[in-house]
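J.:
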Amino acid sequence: MIPTILADDELLARQKLRQMLLDEGEIQLVGESATTSETLELVRQQKPDLLFLDIRMHGKDAFDVVRELSLDPDFPMPTIVFTTAHDGYALRAFEVHAADYLLKPFTSERLKVAIRRATLQIQSRQKPQPAISSQGAAANNPYANRIVFKSRGRILFLPVSSIRWIGAEENYVRICTEGESYLLREPIGRLEEKLDPQLFLRVHRSSIVNLQFVKEVRTESSGESVVILMNGQRLSMSRSYRSRINEWLTHN
Amino acid sequence: MRDSEQNKRGSTLLSFMNPAVFLGTGALLGAVFALQEWVEVRQMSHHINFTLLLAAWGVQYLLWALICWVLWRFFGTKLQRISWFWAIVALLPFSILLSVAEEMVWVLCFPNLPLWMPHMEYWSRVLFQLRAELADGLVIFWCAFFLFRGAGYYQRFREKEAAASKLEVQLANARLNAMRANLNPHFLFNTLNSISSLMRSDVRAADVMLEQFSSLLRICLERGEAQLISLRDEMEFNEMYMAMQDKRFDGRICQEILVQPELHDALVPAMILQPILENAYRHGLSYVSGTGLLKIEARKENAHVRLNVLNSGIGLNPERPSDPDNHNLGLVNVQDRLRLHYGENQSFSISEVAPTRVLVSITLPLQLCENSPQLLAEYGA
């Protein structure tokens, strides 16, 4: 069970979120608040694991809540999911390591995704390593764990682990996850630099695969090499990348 | 309204330069000079027949009026556009010849003139007359020439002014249309109505639709007044719109989207495809009970972009019942916007490519957006 607080200055918004959270088995609602000061007080008292935080509330804004909580280094910072009608704060939310950013109105499916992400973040924090060392590791690791971008009127905090493969389309890249694909205006080279080469491999001038989803590498009768993903997707492969993937395959 | 006003103002100038004005001016000048000579002659205590003077001067200036009118009527634009070099090289000799010719005609008309002189042969009379009048002729010709040039400048100035204000009106209209198209009320309220109806039967589905609808609205608001957007943004919007329609049609419609990668950055008028898609659903696919197909294709054709929307509905049946208020209004709007943006450099067609398959095809000039239309992705822990 995840002790959770929800903070929103609108009664109807709280009501809707409360009802949706009641359907989520792992969530245990331990309090609600309508202002930033109420929220601070409640969080300090209840020490929840998860906080649903509306950005615009009476009093200060939600980022002040986060800042004041982080002033005390011993206080266990809850995992935060921002909820707002406004998409202008996404990058700030990203910077304070929010687990997700929900744009109102949202569906219960979208809420489930947010809870799943928050759960992952809570679990990683509860591991025995103290927070300081994990932050240190994050600073040493130059590769991205998440990509944030706008797509179809939503803000996405996409964990790179959910990416199956990436294809280049001229000035764009198409990022394919399990069920969806996103077209992003970004050179594939720049994206490749941001991805951990232990996890992602460029197999062609115009494609990168997530090695976790690679099923096999096969040479066709024509002599052409292809990478086959778990879902059956086939990606052609340049000769120059062949040795790298063979090496990876023998190590696993 | 303003267009016709502008045209009227432009044509008042042309109607001012009509033969009556030329001849009237000629007659007036002739009368003035005749009167002047009569007064001079009287002061020198000679007697002269005023009618003869009037006839002589009158014919002189009426001849010039006629010449000027012919020049204006048949060579007006040429005279207005001629370069100064040619004005001197060609027109100067021509003006002399013309003056000589005019005097020759005039001398023919008055065999008894000049008075108080012994009778002379025709050519000597012409020479006598030229000595007195050649300079006058040249002055008249060049005055007319500069008058024509002035009229030309004035006319062009007015035309430019008219074109500028016409463009302004067109721009304002285009902006208005674009705003209307960006938040197409038809689409807006139909969607709200669908959500309202879903709320009674399926709260979850209503919720999903509401989320999709707010995403669409968010995109519309972000675009603001931008008239041309990248095809990528346009297709993103259409995908969302089609996802919403997919809910309504219960997944019966197979959707296919094919965009050539080099066209992601091509500029298209914002929401140019949505009315076409709406039309495909309303007047085609909604009449089909089984599965249907809706296919969007974007292809590069030389310097143009071709956008195709194909639906496997019921074809183009002219006898199908349709509400006259909304029918094809969206498509007319699409054509208007294409024309406003690209003039004649675009095309729109709707045709039945096979029984029950309707294809709407548009082409527009290929322009690529230069600055990146979208924030680059942010990376982080």
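Here the protein sequences line up with chains D and C, keeping their order.
With the numbering used here as the guide, the letters of the first sequence map in order to residues 298 to 549.
With the numbering used here as the guide, the letters of the second sequence map in order to residues 732 to 1112.
From the three backbone atoms N, C-alpha and C, an ideal C-beta is built for every residue, glycine too.
List, in chain order, every chain D residue whose beta-carbon is nearer than 9 Å to that of C/His727.
T.: Residue coverage of chain C in this structure runs from 732 to 1112, which leaves residue 727 of chain C outside it and unanswerable.
J.: If D/Leu319 sits next to D/Arg311, beta carbons under 8 Å apart, how far is it from one beta carbon to the other, in whole angstroms?
T.: Position 22 of the first sequence, counting from 1, holds the residue named residue 319 of chain D. Position 14 of the first sequence, counting from 1, holds the residue named residue 311 of chain D. In fact, because the Cβ distance is near 12 Å, the residues do not count as touching under 8 Å.
J.: Assuming C/Ser1043 and C/His995 make a contact with CB atoms under 8 Å, what is their CB distance in whole Å?
T.: Counted from its first residue, the second sequence places residue 1043 of chain C at position 312. Counted from its first residue, the second sequence places residue 995 of chain C at position 264. In fact, because the Cβ distance is near 27 Å, the residues do not count as touching under 8 Å.
J.: Go ahead and pull the three-state DSSP assignment for D/Asp397.
T.: Looking up residue 397 of chain D in the first sequence gives position 100. Strand.
J.: Could one say the Cβ of C/Leu923 lies closer than 8 Å to chain D's Cβ atoms, at least one of them?
T.: If you number the second sequence from 1, residue 923 of chain C lands on position 192. No, its Cβ sits nowhere closer than 8 Å to a Cβ of chain D.
J.: In the DSSP assignment, the alpha helix (DSSP H) including C/Glu1101 goes from what residue to what residue?
T.: On the second sequence, residue 1101 of chain C is found 370 positions in, with the first residue counted as 1. Per DSSP, C/Glu1101 belongs to no alpha helix (DSSP H) and is neither H nor E.
J.: Distance, Cα to Cα, C/Arg949 vs C/Arg935?
T.: Taking the first residue of the second sequence as position 1, residue 949 of chain C is located at position 218. Taking the first residue of the second sequence as position 1, residue 935 of chain C is located at position 204. One C-alpha to the other measures close to 21 Å.
J.: Is the segment 884-892 of chain C touching the segment 849-860 of chain C, taking contact as three or more C-beta pairs under 8 Å?
T.: Judged by Cβ distances under 8 Å, the segment 884-892 of chain C makes no contact with the segment 849-860 of chain C, as fewer than three pairs qualify.
J.: Whole angstroms is fine: what's the gap from C/Met748's alpha carbon to C/Trp795's?
T.: By one-based count along the second sequence, residue 748 of chain C stands at place 17. By one-based count along the second sequence, residue 795 of chain C stands at place 64. Each residue's alpha carbon lies about 15 Å from the other.
J.: Going along the segment 392-412 of chain D in order, which residues come within less than 9 Å of chain C, judged by CB to CB distance?
T.: Per Cβ criterion, the list reads Glu392, His394, Leu400, Lys401, Pro402, Phe403, Thr404, Ser405, Glu406 and Arg407.
J.: Who are the neighbours of D/Val445 on chain C, taking C-beta pairs under 9 Å?
T.: Sequence index remark: in the first sequence, residue 445 of chain D carries index 148 (1-based). Within 9 Å Cβ-Cβ: Ala1108, Glu1109, Tyr1110 and Gly1111.
J.: Threshold first: 3 residues or longer. Then list the beta strand (DSSP E) segments lying entirely within the segment 991-1033 of chain C, N to C.
T.: Runs of the beta strand (DSSP E) inside the segment 991-1033 of chain C: 998-1000 and 1023-1032.
J.: Check whether the Cβ atoms of C/Gly728 and C/Pro1086 lie closer than 8 Å to each other.
T.: The question about residue 728 of chain C has no answer, for chain C in this structure spans 732 to 1112.
J.: Under DSSP, the beta strand (DSSP E) around D/Phe497 begins and ends at which residues?
T.: Within the first sequence, the letter at position 200 stands for residue 497 of chain D. Taken as a continuous stretch (DSSP letters only), the beta strand (DSSP E) holding D/Phe497 covers Phe497 to His501.
J.: Let me check understanding here. Comparing Cα to Cα, which of C/Ala751, C/Arg1088, C/Met775 and C/Arg862 lies closest to C/Trp800?
T.: As a working note, residue 800 of chain C is residue 69 in the second sequence. Minimum Cα distance to C/Trp800 is reached at C/Ala751.
J.: Would you identify the three-state DSSP class for C/Phe841, choosing helix, strand or coil?
T.: Here residue 841 of chain C refers to the residue found at position 110 of the second sequence. In this structure, C/Phe841 counts as coil in the three-state DSSP scheme.
J.: Please classify D/Tyr479: does DSSP put it in a helix, a strand, or coil?
T.: Within the first sequence, the letter at position 182 stands for residue 479 of chain D. Residue state, collapsed to three classes: strand.
J.: For C/Thr783 versus C/Gly761, is the C-beta distance shorter than 8 Å?
T.: Walking along the second sequence from the start, residue 783 of chain C turns up at place 52. Walking along the second sequence from the start, residue 761 of chain C turns up at place 30. Just to set this straight, residue 783 of chain C is Leu in the shown sequence, not Thr. No, the Cβ-Cβ distance between C/Leu783 and C/Gly761 is not below 8 Å.
J.: C/Leu822 and C/Ala875 look like a contact to me (Cβ under 8 Å); what is the Cβ gap, rounded to whole Å?
T.: The residue labelled residue 822 of chain C in the question sits at position 91 within the second sequence. The residue labelled residue 875 of chain C in the question sits at position 144 within the second sequence. Actually they do not touch by this definition, with Cβ atoms about 11 Å apart.
J.: Name, going along the chain, the residues of the segment 932-947 of chain C whose beta-carbon falls closer than 8 Å to a beta-carbon of chain D.
T.: Listed by position, the residues of the segment 932-947 of chain C near chain D (Cβ gap below 8 Å) are Arg935, Asp938, Val939, Leu941, Glu942, Ser945, Ser946 and Leu947.
J.: Helix, strand or coil for D/Gln509? Go by DSSP, reduced to three states.
T.: Working through the first sequence from its first residue, we reach residue 509 of chain D at position 212. Of the three classes helix, strand and coil, the one that applies to D/Gln509 here is helix, per DSSP.
J.: How would you call D/Ser330, buried or exposed, if buried means at least 16 neighbouring beta carbons within 10 angstroms?
T.: As a working note, residue 330 of chain D is residue 33 in the first sequence. Label assigned to D/Ser330: buried.
J.: Helix, strand or coil: how does DSSP classify C/Thr1087 here?
T.: For the purposes of this step, residue 1087 of chain C is taken as the residue at position 356 of the second sequence. Coil.
J.: How would you list, in chain order, the residues of chain C whose beta-carbon sits under 8 Å from the beta-carbon of D/Arg449?
T.: For the purposes of this step, residue 449 of chain D is taken as residue 152 along the first sequence, with counting starting at 1. Those within 8 Å of D/Arg449 in chain C are Ser946, Ile950, Glu967, Glu970 and Met971.
J.: What does the alpha-carbon distance come out to for the pair C/Gly1074 and C/Tyr885?
T.: Position 343 of the second sequence holds residue 1074 of chain C. Position 154 of the second sequence holds residue 885 of chain C. Approximately 28 Å between the Cα atoms of the pair.
J.: Tell me which residues share the same chain as C/Arg856 and place their Cβ nearer than 7 Å to its Cβ, disregarding the 5 neighbours each side in the sequence.
T.: Looking up residue 856 of chain C in the second sequence gives position 125. The answer, listed in chain order, is Val838.
J.: Is the Cβ-Cβ distance between D/Asp298 and D/Gln325 less than 8 Å?
T.: For the purposes of this step, residue 298 of chain D is taken as the residue at position 1 of the first sequence. For the purposes of this step, residue 325 of chain D is taken as the residue at position 28 of the first sequence. In the sequence under discussion, the amino acid at residue 298 of chain D is Met, which differs from the Asp named in the question. Yes, the pair counts as a contact, with Cβ atoms nearer than the cut-off.
J.: Which stretch, first to last residue, makes up the beta strand (DSSP E) that contains D/Phe349?
T.: Counting from 1 along the first sequence, the entry for residue 349 of chain D is found at position 52. Unbroken beta strand (DSSP E) run through D/Phe349: Leu347 to Asp351.
J.: Between the segment 487-504 of chain D and chain C, which residues of the former have CB atoms less than 7 Å from a CB of the latter, in chain order?
T.: Against chain C - using a Cβ distance shorter than 7 Å - the residues of the segment 487-504 of chain D are Lys491.
J.: Let me confirm a value: D/Thr336 is counted as buried when at least 16 other C-beta atoms fall within 10 Å, else exposed. Which label applies?
T.: Taking the first residue of the first sequence as 1, we reach residue 336 of chain D at position 39. It is buried - the Cβ of D/Thr336 has at least 16 other Cβ atoms within 10 Å.
J.: Leaving out the 5 sequence neighbours to the left and right, which residues in its chain are closer than 6 Å to D/Gln426 when beta-carbon positions are compared?
T.: One-based indexing of the first sequence puts residue 426 of chain D at position 129. Confidence at D/Gln426 is low in this model, with a pLDDT of 49, below 50, so the placement of that residue is unreliable and no value is reported for it.
J.: Quick one: is C/Gln901 buried, meaning 16 or more other Cβ sit within 10 Å of its Cβ, or exposed?
T.: Residue mapping note: residue 901 of chain C aligns to position 170 of the second sequence, counting from 1. Looking at its Cβ environment, which holds fewer than 16 other Cβ atoms inside 10 Å, C/Gln901 is exposed.
J.: Is it right to say C/Val1063 is buried, meaning 16 or more other beta carbons lie within 10 angstroms of its own, or is it exposed?
T.: Working through the second sequence from its first residue, we reach residue 1063 of chain C at position 332. The residue is exposed, with fewer than 16 neighbouring Cβ atoms inside 10 Å.
J.: Would D/Ala310 count as contacting chain C if we go by Cβ distances under 8 Å?
T.: For this step, residue 310 of chain D is matched to residue 13 along the first sequence. Output row for D/Ala310: interface = no.
J.: Which residue or residues does DSSP assign as beta-bridge partners of C/Val820?
T.: The residue you call residue 820 of chain C lines up with position 89 of the second sequence. C/Val820 pairs with nothing; no bridge assigned.
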